[in-house]
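This report concerns only the one structure given below.
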Amino acid sequence: MALAVSAHTYGPEAERALAGAIERVKTRDGHRDPLAPVTVVVPTSLAGYHIRRSLGRRPGGIVNVQVKPLQALLELIGSTSLANTGRRPMPESLRVETIRQVAQRGAPVFGDVPIDGPVLQQLMQRFSEFDDCDREQLQAIAAQPGLPAYLVGLYDDYVQQTRGFYTTRDLAESASEALPTQPVVLRDIGSVVVYLPGDLSSPQRRFLQALSEQAEVEVLLGMTSDLDKVDRRVLDQWGRDPPAAAARIPTAQRVAQSPDAEEEVRSAIRDIAASLLAADPTPLHRTAILYRQAEPYQRICAEQLDAAGIAWNGRNAQTLGQSIAGRTLDGLLGLISESAISWTNHVATWLAAAPIREANGELAPVARWNQLARRANLHRDPREWALRLARYRATCTADLDRLRRVADESKPGRLPWVEVEIREIDRLSQFAEQLARFALEAPERSSWSAYARRTRHQLELLLGDRSSFAMHLSGDDDAELARWDDVQQLLTEFSWLDDLEDASPERFASAARRALQRSIGHHGRLGDGVYVGPLGSAVGMQWDVVYIVGAAERSLPQIRSEDPLLSDQLRARASLPVAADDLRRERADYLVALHSAERRVLSYPRADVRAQRAKLPGRWLLESATELNGGKRIYASRIDQAPGHVVRATPSFERSVLTADMPSDIHEFDLKSIRDSGRPRLHYLPELVPALARGLVQREERWRPRLTRWDGLIAQGAAEAATEPHSAGALQDWATCPYRYFLGRILRIEERDEPRDELQITPLDKGSLIHEILDRFYTQADSRPNPGQSWPTNERQRLETIANEVLEGARQRGLTGRELLWRRDRTRILADLRTLLDLDDEHRSRLLTRQIGSELVFGALPDSQADVVFTLDDGSSLPLRGMIDRIDRSEPDDRLIVIDYKTGGERPSAFELRKDPLVGGRYLQLPIYAHAARQIFDLDPEEAVDSAYWFISERGRFKYNPVQWNEANTDRFARAVNLIVDNVRAGRFPANPGADDHRDRNSNCRFCSFDAICPADRSANWKQIRLDPRLTAYRELTEGPSEEALDE
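Right, dumping it as structure tokens:
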């Protein structure tokens, strides 16, 4: 029998040709036999589903017509003979790892680049091509010395190692050979209609030729109407001449432009929703959204259609690795394969995303454990987890003992919290030991199945068996259970790899993670709702309307380049596809998609928001735009000048919401409704959503040129806060930024104090260590030098000993960062301490002073030596607290000198202090410490006290910046404290971001813990309210008096 081949335009014409072919089989010599067997070979399973429904709607329906892809037909005919010889289908994991193994054994042509990632992907693609090549083609490639010959050699090794499995080529050849021995199968399949075949391999075409000798075979080729770029190649492959008159190349009836990909998809959804309410509605199942690039459109389409509540079906945007079981498995793989494991960065994320169990089967308090892990500084590798948890437990135990002896009245909940913390440390220690054993005891080399069994055991320890896992699920239980089964099957499949060489933990993890990237199947039911899929899935399909998104330059069509492993010249000699063939296939997919619907919409985004890059329309979109423009060419650079009937442009999401006839989801409907009302506060939605009501009020009031409750004004004030003990830092907070004071001192919001594995010691830790060293050096001294005397050698050695003890303790606590940087920082600290002793000799000699105190604590703090208060102008008192780094006494005049050590740069500078000893209220340590010294040492309130900021490091150049608290400076300090307390009582807490110029933008926010939670428009808001008369005194404190005040 001859192989009948005919060509038909994709779409309705091709479907009519298929129906005609089936009818011809069932009608012989004027007699119709509805039971005559027919097998339709379809390009895809999706097309098969559509064909069954389409043929079923025709008069008389279809009987005894099988619809299956070519691969299924080959399996039906050829798999039995292959199985009889002991050959099996090749698992994907075995294929990948065999390719990796033969490449690693071969010559190192890729240098130091590992056989993984892009290199492995390229090898997999080339081997897939070689699978379909005849031996003559492979010989033509191997004849080229260098990389081509090397690749063919690797492929031959790969074929030898996988000889117990079969490829698609083997299956096609086996099916061709088995045809004469399969009379029963041939009788069942009857006549064969090959519907819209794509690019078939040589073995597949030979199979069809052989099949035509045993049964009636008709091939219905699909024509795109683009003869020169697509169809001529297809006709040449099948030995057919071009048609006398080709159909017109299809174009879109509408071209749309959107700000970004999200709005592009929403625009399509608005059209879909509007069509449901039209006089002639378009059913959802007759609508498709197609894309060329899965990222980001696959995800965006899924999210936006779900938000709109519109049913859809298509490829699932999620992978197996995104399921609960998949994420947990991925986390375990990281434990055995990654060199540096941080609990916070690597473990906490996947633990929090799954119902993790303890050894007793109960759900673990993962959220609390992750917080505990941060407090215990479990940032380094698992070898240190037990040690760090033990240290943290010892710290908590000591804290508990202290609290049981002396209760902390300021934190009454501290004692029970510490008790619970210790219990949780013990529970976490057991769990962390389990994970650490899994990570550290993984064998360096083992069989694939051994790694899989070990990983499966650990996975079931964490998630339980199937029934236990199901018990703790919530939400879409069936889907997650199916993914649990998929993960179990994934691990089972590794037994196929035991015939390969033993694996390392890293290689096993790489293979398992590659398997986790597989799609988790089809979303929704076929034919239920809008179809979403790639352009290539449109072959054999028919819809009423199709939306093709992402038709931008470099996306549709994509930029093509030569194969990095095999040049186009070599490919052409070996009859392999070249780069132009890839473009031809993409062009074919595009035109097939246009042929698949009567109404067609093309769209592209103006920008890629994530990449921060503008986009231009693709040239195929411009074809449709030119057609809509009456044949007058539209250029990409002038697309914005195109008439509205040619390109429908959407300026922004807001414009779409306001002007669209149909919203894309309920949220857009609400937005449009509230905007259209004209008076949002009177709309019904604020009554239903109190947060919205508050937001609308805030929107109106916040931009008034005065302080309001939305800018930091508390109507009832905060008088109670003004009676609590204040440190210099608290008062400075209000002077610097009143909102910072409000968050930290009124609301008691604190930055989470978590140890971190820094590259080097933090400035805060470094300062604390130096203060501790100097305090121990002073307090433990048997004798101290008199004014004018130098520190003796033994005292200098004692300082070195104390410093080494303190610094080593910090290293053991994990505060010092990486070892190499710590050696440098440690050397600098010791050098600064030696220099400080030399300068201290000069200081005491010059001023004739003697140190009389160190780390002197005052106010409501443990170990306080005295209560200190500041009497306000209204007669009330403000309790103060703090710690004075050092107090000296001048022997000639018995004057006190209060010194505050600074271990960083010179801030405040001597210039700033001469200009304003309070530096706008941002530096109040010295006046408060001077005030405290007067009360502690029973001095007259009017008596002057000297003070200084002493910068005790090379970075601060060991500057000694003195300030004398005489009557004038003390009065200025008193006015500042009264101003701060009065404003706290009045409840004024505006956000002041500080200087805002090209040199210093938002200076108050740079090191503020609350920067991330402050309003983004704080600078504009401060400019709006700063001239409020109630803030005049504050501005004069921080910025100096206004010009008006100076004029007066």
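Counting along the sequence shown from 1, when you hit position 87 you're at 1554 in our numbering, and nothing is skipped either side. Note that the Cβ used here is the ideal one computed from N, Cα and C, for glycine as well.
Could you tell me if residue i is buried or exposed, where buried requires 16 or more neighbouring beta carbons within 10 angstroms of its beta carbon?
i: residue 1812; result: exposed
i: residue 2418; result: buried
i: residue 2008; result: buried
i: residue 2369; result: buried
i: residue 1834; result: exposed
i: residue 1877; result: Interpretation of residue 1877 is limited by its pLDDT of 49, a score under 50 that renders its predicted location unreliable; the figure taken from the coordinates is listed afterwards. When all chains shown are included, residue 1877 counts as exposed.
i: residue 1924; result: exposed
i: residue 2498; result: buried
i: residue 2253; result: exposed
i: residue 2474; result: exposed
i: residue 1865; result: exposed
i: residue 2495; result: buried
i: residue 1734; result: buried
i: residue 2501; result: buried
i: residue 2457; result: buried
i: residue 2516; result: Past the boundaries of the shown model lies residue 2516; the chain is included only from 1468 to 2515, so the question cannot be answered.
i: residue 2505; result: buried
i: residue 2342; result: exposed
Tell me which residues share the same chain as residue i and place their Cβ nearer than 7 angstroms to its Cβ, disregarding the 5 neighbours each side in the sequence.
i: residue 2184; result: 2452, 2453, 2454
i: residue 2036; result: none
i: residue 1523; result: 1529
i: residue 1481; result: 1475, 1663, 1687, 1689
i: residue 2507; result: none
i: residue 2039; result: 2045
i: residue 1543; result: 1652
How would you write the range of the alpha helix (DSSP H) that residue i sits in, first residue to last?
i: residue 1626; result: 1614-1628
i: residue 1591; result: 1584-1598
i: residue 2446; result: 2434-2453
i: residue 2238; result: 2230-2246
i: residue 2061; result: 2046-2062
Hey, quick one: how far does the beta strand (DSSP E) through residue i stretch, first residue to last?
i: residue 2319; result: 2316-2325
i: residue 2489; result: Looking at the DSSP string, residue 2489 is not in any beta strand (DSSP E); the run it does join, the alpha helix (DSSP H), is 2485-2492.
i: residue 2390; result: Where residue 2390 is concerned, there is no enclosing beta strand (DSSP E), given that its DSSP letter is neither H nor E.
i: residue 2344; result: 2344-2347
Note down, in chain order, each residue of its chain lying with its Cβ closer than 8 angstroms to the Cβ of residue i, except the 5 sequence neighbours on either side.
i: residue 2287; result: none
i: residue 1698; result: 1474, 1690, 1691, 1692, 1709, 1713
i: residue 2074; result: 1726, 1727, 2080, 2081, 2082
In this structure, what does DSSP give as the bridge partners for residue i?
i: residue 2115; result: 1723
i: residue 1509; result: 1536
i: residue 2428; result: 2416
i: residue 2367; result: 2416
For residue i, which residues of its own chain have a beta-carbon under 6 angstroms away from its beta-carbon, when the five flanking residues on both sides are left out?
i: residue 2295; result: none
i: residue 1737; result: 2127, 2129, 2131
i: residue 1674; result: 1639, 1642, 1643
i: residue 1571; result: 1582
i: residue 1548; result: 1641, 1645
i: residue 1515; result: 1509, 1534
i: residue 2545; result: The requested residue 2545 does not occur in the structure, where the chain is confined to residues 1468 to 2515.
i: residue 2335; result: 2325, 2326, 2347, 2399, 2402
i: residue 1487; result: none
Report task. Would you be able to state if there are at least three C-beta pairs under 8 angstroms between the segment 1741-1757 and the segment 1707-1719? Result -> Too few Cβ pairs lie closer than 8 angstroms, so no.
Query raised in the report: Do the segment 1548-1568 and the segment 1661-1674 make contact, defined as three or more Cβ pairs closer than 8 angstroms?
Result: The answer is no - the segment 1661-1674 does not touch the segment 1548-1568, with fewer than three Cβ pairs under 8 angstroms.
Requested in this report: Evaluate the contact criterion for the segment 1640-1656 versus the segment 2075-2085: three or more CB pairs, one atom per stretch, below 8 angstroms.
Outcome: These segments do not touch.
Report task. Say whether the segment 2389-2400 touches the segment 2274-2287, bearing in mind that this needs 3 or more beta-carbon pairs closer than 8 angstroms, one atom from each stretch. Result -> No, the segment 2389-2400 is not in contact with the segment 2274-2287.
Requested in this report: Give a yes or no on contact between the segment 2105-2118 and the segment 2050-2064, applying the rule of three or more CB pairs nearer than 8 angstroms.
Outcome: The segment 2105-2118 is not in contact with the segment 2050-2064.
Query raised in the report: Within the chosen definition, does the segment 1999-2019 reach the segment 2063-2070 through at least 3 CB pairs nearer than 8 angstroms?
Result: The segment 1999-2019, when compared against the segment 2063-2070, does touch it at the 8 angstroms Cβ threshold.
Query - contact_flag[the segment 2143-2163, the segment 2297-2312] where n(CB pairs < 8 angstroms) is 3 or more - result: Verdict: no, contact absent.
Query raised in the report: On the three-pair Cβ rule with 8 angstroms, is the segment 1501-1510 touching the segment 1521-1533?
Result: The segment 1501-1510 vs the segment 1521-1533: in contact.
Query raised in the report: Between the segment 1778-1795 and the segment 1950-1966, do three or more beta carbon pairs fall short of 8 angstroms?
Result: The segment 1778-1795 is in contact with the segment 1950-1966.
**Report entry** Segment contact flag, the segment 1719-1733 with the segment 2086-2101, C-beta cutoff 8 angstroms, min 3 pairs
**Finding:** Yes: at least three Cβ pairs fall under 8 angstroms.
Query - Sufficient close CB pairs (3 or more, under 8 angstroms) joining the segment 1578-1594 to the segment 1606-1626 - result: Below 8 angstroms, enough C-beta pairs join the segment 1578-1594 and the segment 1606-1626 to call them touching: three or more.
Report task. Would you check if the segment 1768-1784 and the segment 1985-1997 touch, i.e. whether three or more CB-CB distances between them fall below 8 angstroms? Result -> Verdict: yes, contact present.
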